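Since the structure comes first, as structure tokens, the remarks are kept for the end.
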Amino acid sequence: MYVFSSGARRSKDHVWVTAGLKRAPARLLRSASPHGGEPTRQVGSSRQRKCLATCSLPKRAAANISNAERARKARTGKARGKGYLGEAVARAVAPYATARVAPPEKQNSQGRTLSRLLDKPLFLTPLIEYNETEKARHLSRVTVFEDFDIEAHSGYITVQKTFGSNLFFLLTKTKNSPEKAPLILWTFGGPGVSSLLGPLLFNGPLTLDRHGRLGRVAPSMGNLQSFAHVIYLDHPVGSGYSFAKHDADDRPFSKSINDSVNGIDEFLRQFELLFPEFQGRELYIAGESYSARDAFGYAYRYHRNSGDMKNSFKLAGIMSGAGLIAPFVQAANPAQFLLNIGLVGPEGRRKFDEKFRQIKDAVKDEEMLVALLLLREVFSGGDGHASSLYQNVTGYRHRASALHSTEPLEFTSYRVYLRSDDFKKAAHVGLNATMERQKSYVTNSLYAYDAFTDINDIVQTVLENQRVLVYGGNMDVVYPELSTYRFLMTLKWSGEKDFKRTRRKPYTDASGTGEVVGYKLQVKNLTYALLVNAGHHVSFDKRAAVIDLYKEFVVANTENS
1 MYVFSSGARR SKDHVWVTAG LKRAPARLLR SASPHGGEPT RQVGSSRQRK
51 CLATCSLPKR AAANISNAER ARKARTGKAR GKGYLGEAVA RAVAPYATAR
101 VAPPEKQNSQ GRTLSRLLDK PLFLTPLIEY NETEKARHLS RVTVFEDFDI
151 EAHSGYITVQ KTFGSNLFFL LTKTKNSPEK APLILWTFGG PGVSSLLGPL
201 LFNGPLTLDR HGRLGRVAPS MGNLQSFAHV IYLDHPVGSG YSFAKHDADD
251 RPFSKSINDS VNGIDEFLRQ FELLFPEFQG RELYIAGESY SARDAFGYAY
301 RYHRNSGDMK NSFKLAGIMS GAGLIAPFVQ AANPAQFLLN IGLVGPEGRR
351 KFDEKFRQIK DAVKDEEMLV ALLLLREVFS GGDGHASSLY QNVTGYRHRA
401 SALHSTEPLE FTSYRVYLRS DDFKKAAHVG LNATMERQKS YVTNSLYAYD
451 AFTDINDIVQ TVLENQRVLV YGGNMDVVYP ELSTYRFLMT LKWSGEKDFK
501 RTRRKPYTDA SGTGEVVGYK LQVKNLTYAL LVNAGHHVSF DKRAAVIDLY
551 KEFVVANTEN S
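In terms of my numbering, the sequence shown is residues 1 to 561.
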């Protein structure tokens, strides 16, 4: 929660925190995030007044602040000094300077003004540009995590002003050697799907159960925050809660790995201004599913043009989980895999192979729209409510894993929770935000321009110059892991021969149960792991095992550096 003073007392309706001027309800201070409109006092510098205009502060709120200042000067005969409570604190408590805010059932007009402020998204870029970073950090704190004694921050960073392109992020901080702990940027593909799957279902300090209850994860499940600071980024623009204000055409949305890397680079530039303690820190880029391409793309640019990067982070490695790194038609055709595990017979395999032959021909003829429509027929169904080929042949309604014919209930709870007003307020996305509202724009743009582009050269270059962890599940239907393994076998790099002749070794659960959780091999910069009984959502199916892989990959490098 925000710490504005050292004293507090409880009244009948709520806790009041002493803040020098008046008393404000701790409940509101903890949940308050005047998103993009936190008042800056009109008294003071022209820069402060410009920031006030930039933040689009409601006139009534601005008037309240000015009136409060005039009343205070009338009582004391002098203006408030700059050091009074600190500038950030003075601004943060300004809405409470003239009156106590009543409980919801007794709200007055000023309470309604505050409520409107809380309903808006928190845009951090204006505060960063005007060097109001202390204030930005206070406003971005996430109370739902602080309730569990976890420091977290969230909000929007504008990466492209022309189209109003804003990336949403959630940062969770570790308490384990925080001044030295590395930083992990974790993203999830889809494309267009929110990366909040990470902190709430896959690898964060909190988790949702199938009944929608939020709680701390058990120690045996592990979490990335135990050894690293983690940024969960809804990327590229249009994914999850990230959005572009001007979406009349496809110009705001990524069409290539290069576009996506531009967004990450600009985000990190502003992020290290907002959190200067991370400047020059070791950085790991983790991408699951489609986002694995962006992890490789960032590492490729870092190696080829490190002097052109806008941020000062030191790239220490990348992680690719169940990723689309092989050529698409090779990676996404599940025919052989489904036949091997018995979900389809020879006739079913023939149908899949025929569809993917048509997709391959469409790509060859550069008819990307045709390829996308054929792909939807295979996995997403046709017009209206027609079933997909996958559903018709296998009977499964859920495609991510051969382990589940229907989607696990935790994912339903997750979507309900992310769309709740409580979460929207806590995460500073604004009550009017719609999760994945622009997902179709992202999908169409990437599949039209990027998805069918081979990245062999990028992967080979990265393997030569950067530490890489590639992992996946043996029950992945989206990108069957056998396809990824075969792709790695074809790459031309200095570890090619060793990779082909090195045998995978089984490895067991780190808890000491002796259970085999996967098979692993390491050649030069590459660590490859196949996890058993895990599907496309490998970090959900084998959470502890994946976190152990991350920890070994990150901590071993930190100790050797």
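C-beta atoms are modelled at their ideal positions from N, C-alpha and C, and glycine is treated no differently.
If you're wondering where the values come from, they're calculated on a predicted model, not measured in any experiment.
- Within the same chain, Asp454 come within 7 Å of Pro327 by CB-CB distance, once the 5 residues on both sides are set aside.
- Note that the C-beta distance between Ile325 and Phe352 is not below 8 Å.
- Excluding its 5 nearest sequence neighbours in each direction, Leu283 has C-beta neighbours in its own chain below 6 Å: Leu183, Phe313, Leu315, listed in chain order.
- The alpha carbon of Ile231 has as its nearest neighbour, out of Gly198, Phe540, Ser256, the alpha carbon of Gly198.
- Its chain contains Ser388 as the residues whose beta carbon lies nearer than 6 Å to that of Ser380, once the 5 sequence neighbours on both sides are disregarded; these appear in chain order.
- In summary, Ile341 is exposed, with fewer than 16 beta-carbon neighbours lying within 10 Å of its beta-carbon over all protein chains present.
- Taken atom to atom, the span from the alpha-carbon of Gly287 to that of Gly323 is near 7 Å.
- Membership of Ser483 in the alpha helix (DSSP H) is indicated by the continuous run 481-490.
- Each of Asp421, Ser401, Glu464 was checked against the Cα of Gly472, and the nearest Cα belongs to Ser401.
- Using a Cβ distance threshold of 8 Å, Val523 and Ile318 do not count as a contacting pair.
- For the 8 Å CB-CB criterion, Gly189 and Lys245 do not form a contact.
- For the 8 Å CB-CB criterion, Leu530 and Asn474 form a contact.
- Ranked by Cα distance from Thr461, the first of Leu488, Thr412, Tyr241 is Leu488.
- One Cα belongs to Ser291, the other to Glu132, and the distance between them is close to 32 Å.
- Ser440 counts as exposed, since fewer than 16 other C-beta atoms from the protein chains shown sit within 10 angstroms of its C-beta.
- In the structure shown, Glu436 falls within a coil segment according to DSSP collapsed to helix, strand and coil.
- For Ile184, the uninterrupted beta strand (DSSP E) run begins and ends at 183-188, by DSSP.
- Residues Ser312, Phe313, Lys314 of the same chain have their beta carbon placed closer than 8 Å to that of Gly280, with the five preceding and five following residues left out of the count.
- Cβ neighbours of Lys173 within its own chain (closer than 6 Å, five residues either side excluded): Glu151, His229.
- Rounded to the nearest angstrom, the gap between the Cα atoms of Tyr156 and Arg141 is 13 Å.
- The secondary-structure analysis by DSSP pairs His246 with nothing; it has no beta-bridge partner.
- For Asp541, the closest of Leu463, Thr484, Val470, His404 by C-alpha to C-alpha distance is His404.
- Secondary structure of Tyr396 (DSSP, three-state): coil.
- By the Cβ-count criterion, Pro480 is buried, with 16 or more other Cβ atoms from all chains shown falling within 10 Å of its own Cβ.
- Under the Cβ criterion (8 Å, minimum of three pairs), the segment 425-437 counts as touching the segment 233-247.
- Apart from the 5 residues on each side of it in sequence, Gln225 sits with its Cβ closer than 8 Å to the Cβ of Ile150, Thr172, Lys173, Thr174, Gly204, Pro205 in its chain, given in chain order.
- Excluding five sequence positions before and after Arg216, the CB atoms of its chain that fall closer than 7 Å to its own CB belong to Phe148, Pro205, Leu206, given in chain order.
- In this structure, Lys135 sits near Leu127, with a CB-CB distance shorter than 8 Å.
- Around the CB of Lys180, fewer than 16 other CB atoms lie within 10 Å, so the residue is classed as exposed.
- Relative to the Cα of Asp498, the nearest Cα in the group Asn525, Tyr519, Pro506 belongs to Asn525.
- Separation of Asn166 and Ser254 (C-alpha to C-alpha, rounded to the nearest whole angstrom) is 13 Å.
- Gly512 sits away from Ala545, with the two beta carbons spaced by 8 Å or more.
- Here His398 is not near Glu410, since their CB atoms are 8 Å or more apart.
- The residue from Asp209, His211, His235 with its alpha-carbon nearest to that of Leu170 is His235.
- If the five residues before and after Asn533 are omitted, its C-beta is found closer than 8 Å to the C-beta atoms of Leu403, Gly473, Asn474, Met475, Asp541, Lys542, all from its own chain and listed in chain order.
- Nearest Cα to Tyr528 within the set Tyr302, Pro276, Leu463, Val370: Leu463.
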